[in-house]
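**Q** I have a structure I would like to understand better, so I am pasting it below and will then ask my questions one at a time.
Residue numbers (this note's numbering): 9 to 80.
Right, dumping it as structure tokens:
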């Protein structure tokens with residue numbers, strides 16, 4: 009499976025897409041940890057990563073024929 013970004017006309021492999029989202033999540037998570045107050049509960053990285061995959065809107069999944077996979 010591949011992922012297409014319409015804004016940049018970029019196609020990434022599934023591995024590249026996952027690595028990109030994980031890298032972006034790590035940056036956000038590091039900033040989040042730095043901004044925490046002492047008494048705040050820490051969200052896990054896995055939870056943040058899951059939300060970032062759910063919220064990703066720049067890339068759409070492509071099938072084997074390079075057609076967009078639409079959610080039903």
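Cβ atoms here follow ideal geometry from the backbone N, Cα and C, with glycine treated the same way.
(1) Can you list, in chain order, the residues of its chain with a C-beta nearer than 6 Å to that of residue 4? Leave out the 5 residues immediately preceding and following it.
(2) Whole angstroms are fine: how far does the CA of residue 22 sit from the CA of residue 94?
(3) Where does residue 67 land, buried or exposed, given buried means 16+ other C-beta within 10 angstroms?
(4) Based on the DSSP output, what are the partners of residue 13 in its beta bridges?
(5) Could you check the C-alpha separation between residue 65 and residue 45 for me, to the nearest Å?
**A** Result, derived from the coordinates:
(1) The requested residue 4 is not part of the displayed model; the chain covers only 9 to 80.
(2) Lying outside 9 to 80, the shown extent of the chain, residue 94 is not represented and no answer is given.
(3) With 16 or more other Cβ atoms within 10 Å, it is buried.
(4) Its beta-bridge partners are 18, 67.
(5) The alpha-carbon atoms of residue 65 and residue 45 are separated by roughly 30 Å.
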